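Heads up: the structure comes next, in structure tokens.
In the numbering used here, the protein residues as written are 1302 to 1431.
Rendered as structure tokens:
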């Protein structure tokens, strides 16, 4: 069963082929809404590829998580350090739906910036946050 943490860990681990991570956790018709903006699976994958290239270090800390077979809600803090030294620190609120194969079909999330070390890199990555 996919969780946000194991999906993000797989997506951001260079040793895991990104297409393999996508296929493991996200249905073919997957779509995501971040702060009101919808993207499809292809745009999500493209954003994750760019994030992987820019990323030096990532830490995901799950605060709350609740799920049924189909519905999933979670809150986590994401702390990203980029190769250029920029840092992205956010709290993320996630509401999702999983398909019968337990992969994510839809994720809707809202993000809240934390701290004062935010940079232009955060805006570039806005459509790829999980």
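Even for Gly, the Cβ is constructed at its ideal location relative to N, Cα and C.
Fair warning: this is a prediction, and the values are worked out from it, not measured in the lab.
Where the alpha helix (DSSP H) through residue i begins and ends
i: residue 1415; result: Looking at the DSSP string, residue 1415 is not in any alpha helix (DSSP H), and its letter there is neither H nor E.
i: residue 1311; result: 1305-1313
i: residue 1302; result: Careful: residue 1302 lies outside any alpha helix (DSSP H) and carries neither H nor E.
Residue i, DSSP secondary structure in three states
i: residue 1391; result: strand
i: residue 1343; result: helix
i: residue 1338; result: strand
i: residue 1246; result: Because residue 1246 is not part of the residues shown, which for the chain are 1302 to 1431, the question remains open.
i: residue 1332; result: strand
Rounded C-alpha distance that separates residue i from residue j
i: residue 1368; j: residue 1399; result: 10 Å
i: residue 1413; j: residue 1401; result: 31 Å
i: residue 1371; j: residue 1356; result: 31 Å
i: residue 1351; j: residue 1403; result: 26 Å
i: residue 1324; j: residue 1395; result: 20 Å
The beta strand (DSSP E) enclosing residue i, as first and last residue numbers
i: residue 1358; result: 1356-1368
Status (buried if at least 16 other CB within 10 Å, exposed otherwise) for residue i
i: residue 1317; result: exposed
i: residue 1348; result: buried
i: residue 1377; result: buried
8 Å Cβ cutoff met for residue i and residue j
i: residue 1342; j: residue 1332; result: yes
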